[in-house]
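Trainee: Following this message is one structure expressed as structure tokens.
Protein chains: 4
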Amino acid sequence: MSIEPFALRPRTEAGQRFFDGAVALKEPFAQRAAEADREGRFVADNVADLCASGVFGATAPAALGGGGLESFHDLGAGIFELGRACGSTAIASYMHLSATLLLSRVWAALEASGRADGAPHLREILTGVAEGREVIAVAVSEPGTLASVYPLTEALPTADGQHYVISGQKIFATMSPAASVLNATVRVVREGEPDRFAFALIRTQWEGVELIDDWDALGMRGSGSGQIRLRGVRVPAAHVAPGAPVRTLEGSALYNSLVANTGLIAAGLGIAQAARDLVAGSASDRKKAHDGRSDAERPTVQAAMGELDSRLWAAKAMTARSAIDVDDFYTRFSPRSAELEDLLQLAAATRATKVFVERTAVEVVDRALQLTGGGGFMSKHPIARLYRDVRAIPFMIPQAHQSLPFVGSVAFGRRPEPC
Amino acid sequence: MSIEPFALRPRTEAGQRFFDGAVALKEPFAQRAAEADREGRFVADNVADLCASGVFGATAPAALGGGGLESFHDLGAGIFELGRACGSTAIASYMHLSATLLLSRVWAALEASGRADGAPHLREILTGVAEGREVIAVAVSEPGTLASVYPLTEALPTADGQHYVISGQKIFATMSPAASVLNATVRVVREGEPDRFAFALIRTQWEGVELIDDWDALGMRGSGSGQIRLRGVRVPAAHVAPGAPVRTLEGSALYNSLVANTGLIAAGLGIAQAARDLVAGSASDRKKAHDGRSDAERPTVQAAMGELDSRLWAAKAMTARSAIDVDDFYTRFSPRSAELEDLLQLAAATRATKVFVERTAVEVVDRALQLTGGGGFMSKHPIARLYRDVRAIPFMIPQAHQSLPFVGSVAFGRRPEPC
Amino acid sequence: MSIEPFALRPRTEAGQRFFDGAVALKEPFAQRAAEADREGRFVADNVADLCASGVFGATAPAALGGGGLESFHDLGAGIFELGRACGSTAIASYMHLSATLLLSRVWAALEASGRADGAPHLREILTGVAEGREVIAVAVSEPGTLASVYPLTEALPTADGQHYVISGQKIFATMSPAASVLNATVRVVREGEPDRFAFALIRTQWEGVELIDDWDALGMRGSGSGQIRLRGVRVPAAHVAPGAPVRTLEGSALYNSLVANTGLIAAGLGIAQAARDLVAGSASDRKKAHDGRSDAERPTVQAAMGELDSRLWAAKAMTARSAIDVDDFYTRFSPRSAELEDLLQLAAATRATKVFVERTAVEVVDRALQLTGGGGFMSKHPIARLYRDVRAIPFMIPQAHQSLPFVGSVAFGRRPEPC
Amino acid sequence: MSIEPFALRPRTEAGQRFFDGAVALKEPFAQRAAEADREGRFVADNVADLCASGVFGATAPAALGGGGLESFHDLGAGIFELGRACGSTAIASYMHLSATLLLSRVWAALEASGRADGAPHLREILTGVAEGREVIAVAVSEPGTLASVYPLTEALPTADGQHYVISGQKIFATMSPAASVLNATVRVVREGEPDRFAFALIRTQWEGVELIDDWDALGMRGSGSGQIRLRGVRVPAAHVAPGAPVRTLEGSALYNSLVANTGLIAAGLGIAQAARDLVAGSASDRKKAHDGRSDAERPTVQAAMGELDSRLWAAKAMTARSAIDVDDFYTRFSPRSAELEDLLQLAAATRATKVFVERTAVEVVDRALQLTGGGGFMSKHPIARLYRDVRAIPFMIPQAHQSLPFVGSVAFGRRPEPC
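In order, the protein sequences belong to chains W, L, D and C.
All the letters of the first sequence, read from the start, carry residue numbers 1 to 419 under this note's numbering.
All the letters of the second sequence, read from the start, carry residue numbers 1001 to 1419 under this note's numbering.
All the letters of the third sequence, read from the start, carry residue numbers 2001 to 2419 under this note's numbering.
All the letters of the fourth sequence, read from the start, carry residue numbers 3001 to 3419 under this note's numbering.
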């Protein structure tokens, strides 16, 4: 058989290398998944393997020794494969790889304009990532605010302008136990100015950074998504890139937001695919004595399986297409050249994709769980973990109740609330 | 405020006593629920309280000191309340109380026909239940068969006809750690006859009964739903009531099957109600700094809450009505006087109700989980447990893929496959 | 067979009489339905039959010769039966009967307080209804506003205070071709006061009332739901009952709003039941040569039928229960004695019921249409009409997008926007 | 604005020409749609325009003067555009263009193997199509059988083997009023052999072909999908291509079945897009006086619009991807070289796509209808037609209840029932 409908396959060479590297690690990751889940233990071994094998350097610039992967589509294809083996590893990988990809784009722009010398820290981090020595965690969420547009974590400039002093609290900081660097959203507070949204690169070993190992969740229990406290962390000014005032609907933030989507939902889709494969592969074995038939022979079970595949394929097609649209857009436009109207359309498309795909992934696992019969309800059955893991995706921002009015506003030709 | 729309409230005096007793125990049960879940430990303390308080005697005959509860509707109303506090306790209680109710009906029929003296074991068990000394577990499910119509567990008559020797394996035997008696489905095997379906009353302390304390599930982790091995258990003949040949669509089995539904789905509805109340009660507290509003003020969240309530109310109305229909039917007809056509209609109605209500309960908890925001994804948040617990209901037989063709067959005027 | 699960059956004697009268007319109504639909012609013959048979007097006071029906539940049961025969007739009947019921309650209150003499027009109208000489249409909807809380139609008091002069435009005035009286929402405009919401009783033969026979709709084509223009209609002051300022959340308006629900959704449910019965009754006839089986024998079709029945039954249970809750409430409380908190709970329940039931009715017809195979797509097949008719219900106010935030607000303990 | 997310755009030059031609005709087609619908009149003018403009020659071989379009994806893109203007025209066009495309593939194979001289009728028909003189209708459906695998229409060979005599009845023969040629499924009946499935090319002016102009349907009222009676029609043997025995799961039939999907669902998607555009474009105009806001400003309406777009985009992505997968497969494999396992996978994918897309199209129009408010319920509102038209798609074979067990069987590694 040579046909796999709706397969997520890389379209670039760099993507193929990343994909092959990810696939090669699936076997051990799958074997470790149950234990990490049961103990709520961070998948440190998997991260070590990803670093050692070069997979975690995939999105670092080729010029700095990285894999040079630029396609979000291909990033998604590889993360999907990781998700089939271990959801926690997939989501953590997505965080690191997406963050790296964004920094690589910044680096490329600086290179192109001859300003790269002014960003030695970027060179250092990206080289480290390429060599498997650095791992980046994304620290956005905060309690009590939509921190992707309105962080409460403050960055105060020092009097000499050489540093910022950063304080605040981050939650759901996936991958933080292994991170050497945090890419954190903050608000730059300057007297007499509106507070500005910014990303700050913070080394985890710096004074004042406290990783709190308290992750104990319904699912994704191996993802290390604990809290981080930042208490007066002194960060060089070059590590902080202030943008527009907080809670502004603004082009470059939208542009960067597009990166976030594909890897995340690909992780969820991978989980859904794993659930699907479990139930499809075992239908012939689920025989019942009362009528002597296996589930594979029952028309109603066949139809239920058809429903499941139909939805999963729709979600895969939408994920792939959405990523290709973003790849095309990134090829044609920079943050500067992109027009806001276009960015809104594309942001609406990626947000709508997240809503559809995350719901479908949840639903597919739910249907698969139901099709397993009572055995799937046991803790030791792998689908019980998938059922809990997949629920993480809809909680990642933007959530559906934020995304849907955004999408509708764009459809109505109105400026949406940023999210 | 005196109005609670779609409330499940008892309609009989016996029901009100049971209901009040259940409500009085909710507080301690709710407090123990998290720990039982975390440790996967059977809710033995709750069962002890239910016995001591007389709640577990509710469905034993009044003449034997029991509560005399005969209404399935009212049984559901009380179990719903238990489900709001602890799903595991509710589902275990449903097993014991439903089984007792069925036995009480048998007892009443024997009394009415002057044959009660021939069933001293029934008097003993029901008196014990009334006095809180006996607990009944239902042991139906078996691996690899639909054991509600085609058990593989065999009961072989001894040569003198005084006993049966029973061997087989039961799974999902909820409440078994506390049970003094098992009500188990078996097949009576006699040479030269078709195998017959039967219920057997088996004391758990009898030789050959092995309770295997291996319950480790996705949810309902406190329900003690482990395995039971029966190895040559010698059971007095009076304890076994052979019926029609296995896998027959037959009146008295259908008649008895009606009892099973209400308590089970009421447990699921109670879980859903608990999730609903959690999210409704906390919406005003979930404030976000980015726009200064609480969830309670957001029209889209209000609408989502409206969707949730709309569905939950539909499920409560259907549960109540279905139970009232069954109560009415039981008042008018005995297993003997009921016609098969009517039984099929009513069985279709209860099976359709189970399908609708269990799905709705799952969906309500799912929606509530989504509305809690990220906090609900943490293990310590009570909704994380509800999310896992509620999934148990659809796994209880008959499952939707068995029930729906049954319902449709009846609609088409055809004899359905028994389930 | 004596069992019909989830049947809608009257609970009062007056209800039984009304029900029997409605059932007796179903046969001719069903026969006329196709033609009325094809020609978009008002079901005048049916209305004449309803008047002549006394069915249209059902909700007029017994003391004035009417049927004395007070139960919304029983009103719904009869309208459900009409809906099974002809959706247009059912919805038109609901308008007349509900309006009459409300006026009868007003009349009863006046009687009880000895003030009935001051309302000879009420006596006249209700007597006329009882005798089958008067028909009431409800005229609420207007273009460009939510006219159930904020009508734009103005009622200006004359200088002597003896009359109001009413001008405005009404749409979707179901039943208007046969109406002798309109019960119309208006705003009473007095200088120096806030505009007040009011119901006005307007005789259709009065000068300035223009019925525009322009009804040409997707469905309910026999319901005569055309436009009405009111141009300076002079109405005696006693015919207008000013209430609270427009767009106020207010007790007596909520109290009266409860009446509106049951009959409306019962009409929709009747349509759904008709579609269900069509497809269930013909499954054995839909045989296919390619496998020699009828639809009734196919497990997947049986399961689809089971899904349909499951939903329809849920909707019927919710409709009945909601109506019983309202009946109970009306028995216990008057508009004056009812507390706002209770009214909000009950209004939330009826609005949630409308949302659930109307969606389910649409979905049931949709599923039935699909199950009919290609034949159902032909204009001459009765289900094609049902598919169009049933869509009218969700358009009737309050619509889901208004109701759901209302329900959610109440759940959150907040005052909702009136709707 | 240059970005249109999830747009269906041609990928080949021939596709672009076809697409541009279709787009150029949208305006007049849209204008004629309402009248054709109201009168149930075949869209003869549109077909004339499509012939005259060369659009109907798109899939004829370039070597014979046709457009040379080979991509199903691009075929879908153009039909989608037609569907936005007039569903009836789109679905009729799909029939003609798909049939032509299949014949062109046969012709190309004959050419390649030097056997084209033996098929002068094919050259004649395809040249006629290229020149806009011939129109092909597909005549598959029959009453009482799944005629795509088990036609009852019989083709009996004459004694001399030079002709077949064909008799039977076809229904839903879309486009037949304008057709010069029918591509009909028949069973070839030879004594001593199993009946064989075949396609027969039948000229509509031949004796014994009777087109019955009785099309009067819920929707697609301009599509001319009436009945055809075939009474002893004498057809040259070369016009009939016997394949495998009827009701066989067989490679070349599966191979050819892949063609059928994209154009059909693209027509449905075009209808859905039209409904979506109507409601999105008018949201700002739907203002309500009671709160002074337009629908475009309401968060709940925005969210509902977001839901709609999310689903529509998923369906467009799945349609495009599925077509691309088929295009790729057709490039790599011929009916002969394709393996059955691969064909089954691809057939499962296209069937699952049809199920998902047709449901989504129906749902999107339904949601759009609801969002239009009461105005959409009027016959004159264009969405009322879309609501009826879109329902045609799920009735086209294979229907969901046939497709879903097919898809599930393939997932389980089993041979499905052919459909």
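Glycine included, C-beta positions come from ideal geometry on N, C-alpha and C.
1) Taking Cβ to Cβ, would you say A2044/D is nearer than 9 Å to G2132/D?
2) Note down, in chain order, all residues in the region 3290 to 3320 of chain C with a beta-carbon under 8 Å from any beta-carbon belonging to chain D.
3) As a quick exercise: from Y2150/D, G2144/D, I2212/D and G2376/D, pick the residue whose alpha carbon is nearest that of R2229/D.
4) Got a sec, what are the start and stop residues for the beta strand (DSSP E) K170/W sits in?
5) Under 7 Å Cβ-Cβ, which residues of chain C neighbour A2384/D?
6) Use the C-beta contact count for D327/W: other C-beta atoms within 10 angstroms, 16 or more gives buried, fewer gives exposed.
7) Under 7 Å Cβ-Cβ, which residues of chain W neighbour A3352/C?
8) Would you give the residue range spanned by the alpha helix (DSSP H) that V1181/L belongs to?
9) Taking Cβ to Cβ, would you say A3184/C is nearer than 9 Å to T3158/C?
10) Kindly indicate which residue of A2352/D, D2325/D, H2290/D and G2268/D has the alpha-carbon position closest to the one of Q1302/L.
11) Measuring only between beta-carbons, confirm whether A392/W sits less than 9 Å from chain L.
12) Does the region 2375 to 2390 of chain D come close enough to the region 3397 to 3415 of chain C to have 3 or more Cβ pairs within less than 8 Å?
13) Look up T360/W in the DSSP assignment and say whether it is helix, strand or coil.
14) Assign Q1031/L to one of two classes, buried (16 or more other C-beta atoms within 10 Å of its C-beta) or exposed (fewer than that).
15) If you pair each beta-carbon of the region 3309 to 3324 of chain C with each one of the region 3284 to 3300 of chain C, do three or more pairs fall below 8 Å?
16) Can you give me the C-alpha to C-alpha distance between P2416/D and S1294/L, rounded to a whole angstrom?
17) Which residues of chain C have a Cβ atom closer than 7 Å to the Cβ of Y2387/D, listed in chain order?
18) Using a C-beta to C-beta distance shorter than 8 Å, which residues of chain W count as neighbours of Q3273/C?
19) Thinking C-alpha only, which one of A2033/D, Q2162/D, R2190/D and E2004/D is nearest R2234/D?
20) Hey, could you find the ends of the beta strand (DSSP E) V23/W is sitting in?
21) Can a CB atom of chain W be found closer than 9 Å to the CB of Q3370/C?
22) Ordered along the chain, which non-local residues of its own chain (more than five positions away) have a Cβ less than 8 Å from that of Q2205/D?
23) In chain L, which residues lie with their C-beta within 8 Å of the C-beta of G374/W?
24) Using the Cβ count rule (16 or more neighbours within 10 Å means buried), how would you classify K3170/C?
25) For V1240/L, which residues does DSSP report across the bridge?
26) Which of the three DSSP states, helix, strand or coil, is assigned to R1293/L?
27) Using the Cβ count rule (16 or more neighbours within 10 Å means buried), how would you classify R2187/D?
28) Excluding sequence positions up to five away, which residues of its chain have a Cβ less than 7 Å from the Cβ of M1279/L?
29) Residues of chain L with CB closer than 9 Å to the CB of D2045/D, please, in chain order.
30) Starting from the C-beta of A1090/L, find all residues in its chain whose C-beta is less than 6 Å away, skip the five residues before and the five after it, and write them out in chain order.
31) Count the other CB atoms within 10 Å of the CB of R3105/C; is the residue buried (16 or more) or exposed (fewer)?
32) Can you tell me whether DSSP reads T145/W as helix, strand or coil?
33) How do the region 1308 to 1319 of chain L and the region 2338 to 2357 of chain D stand: do at least 3 beta-carbon pairs fall below 8 Å, yes or no?
34) Can you tell me where the beta strand (DSSP E) holding I393/W begins and where it ends?
35) Applying the 10 Å Cβ sphere with the 16-neighbour rule, what's the burial state of R3336/C?
36) Using a beta-carbon distance below 9 Å, is K3026/C in contact with chain D?
Mentor: Taking the definition as stated:
1) Start at 1 with the first residue of the third sequence, and residue 2044/D comes out as number 44. Start at 1 with the first residue of the third sequence, and residue 2132/D comes out as number 132. The answer is no: Cβ separation not under 9 Å.
2) H3290, D3291, R3298, T3300, V3301 and A3304
3) In the third sequence, the residue the question calls residue 2229/D occupies position 229. Considering only alpha carbons, the answer is I2212/D.
4) Here the question's residue 170/W lines up with position 170 in the first sequence. It spans H163 to K170 - the beta strand (DSSP E) in which K170/W sits, taken as one unbroken run.
5) On the third sequence, residue 2384/D is found 384 positions in, with the first residue counted as 1. Chain C residues near A2384/D: L3218.
6) On the first sequence, residue 327/W is found 327 positions in, with the first residue counted as 1. So D327/W counts as buried.
7) For the purposes of this step, residue 3352/C is taken as the residue at position 352 of the fourth sequence. Per Cβ cutoff of 7 Å: G306, D309, S310 and W313.
8) The residue given as residue 1181/L occupies position 181 in the second sequence. Not the alpha helix (DSSP H): V1181/L falls in the beta strand (DSSP E), residues V1181 to V1188.
9) Here the question's residue 3184/C lines up with position 184 in the fourth sequence. Here the question's residue 3158/C lines up with position 158 in the fourth sequence. Contact: no.
10) Counting from 1 along the second sequence, the entry for residue 1302/L is found at position 302. The candidate whose alpha carbon is nearest that of Q1302/L is A2352/D.
11) Translated into the one-based positions of the first sequence, residue 392/W becomes position 392. Answer yes: the Cβ-Cβ gap between A392/W and chain L drops below 9 Å somewhere.
12) no
13) By 1-based counting over the first sequence, the position of residue 360/W is 360. DSSP places T360/W in helix when its eight states are reduced to three.
14) One-based indexing of the second sequence puts residue 1031/L at position 31. It counts as exposed.
15) no
16) On the third sequence, position 416 is the one that residue 2416/D refers to. On the second sequence, position 294 is the one that residue 1294/L refers to. In a straight line, the C-alpha of P2416/D is about 15 Å away from that of S1294/L.
17) The sequence position of residue 2387/D within the third sequence is 387, counting from 1. Here the neighbours are L3218.
18) Locating residue 3273/C in the fourth sequence gives position 273, counting from the first residue. Near Q3273/C there are no residues of chain W at all, since even the closest Cβ is about 12 Å away, more than 8 Å.
19) As a position in the third sequence, residue 2234/D is number 234, starting the count at 1. Measuring from the Cα of R2234/D, the nearest candidate turns out to be Q2162/D.
20) What you label residue 23/W is simply residue 23 of the first sequence in a count that begins at 1. Unbroken run through V23/W is the alpha helix (DSSP H), E13 to E39; no beta strand (DSSP E).
21) Residue mapping note: residue 3370/C aligns to position 370 of the fourth sequence, counting from 1. Q3370/C does not count as touching chain W.
22) Counted from its first residue, the third sequence places residue 2205/D at position 205. Cβ neighbours of Q2205/D beyond the five flanking positions: S2180.
23) Working through the first sequence from its first residue, we reach residue 374/W at position 374. Going along chain L in sequence order, the residues near G374/W (Cβ under 8 Å) are S1141, I1171, F1172 and F1395.
24) Translated into positions along the fourth sequence, residue 3170/C becomes position 170. Result: buried.
25) The residue labelled residue 1240/L in the question sits at position 240 within the second sequence. A1200/L.
26) Residue 1293/L sits at position 293 when you count from the first residue of the second sequence. Strand.
27) In the third sequence, residue 2187/D corresponds to position 187, counting from 1. Flag for R2187/D reads buried.
28) By one-based count along the second sequence, residue 1279/L stands at place 279. The question names Met, but residue 1279/L is Val in the sequence shown. The residues are A1368, L1371 and T1372.
29) Within the third sequence, numbered from 1, the residue matching residue 2045/D stands at position 45. Near D2045/D there are no residues of chain L at all, since even the closest Cβ is about 33 Å away, more than 9 Å.
30) For the purposes of this step, residue 1090/L is taken as the residue at position 90 of the second sequence. Answer for A1090/L: I1079, L1082, G1083, A1267 and G1270, listed in chain order.
31) Reading the fourth sequence from its first residue, position 105 is the one you call residue 3105/C. With 16 or more Cβ atoms within 10 Å of its Cβ, R3105/C is classed as buried.
32) The count along the first sequence starts at 1 and reaches residue 145/W at position 145. Strand, per DSSP.
33) yes
34) One-based indexing of the first sequence puts residue 393/W at position 393. Looking at the DSSP string, I393/W is not in any beta strand (DSSP E); the run it does join, the alpha helix (DSSP H), is A392 to F395.
35) To locate residue 3336/C, count along the fourth sequence from 1; it is residue 336. Per the 10 Å Cβ criterion, exposed.
36) In the fourth sequence, residue 3026/C corresponds to position 26, counting from 1. Cβ-Cβ to chain D under 9 Å: no for K3026/C.
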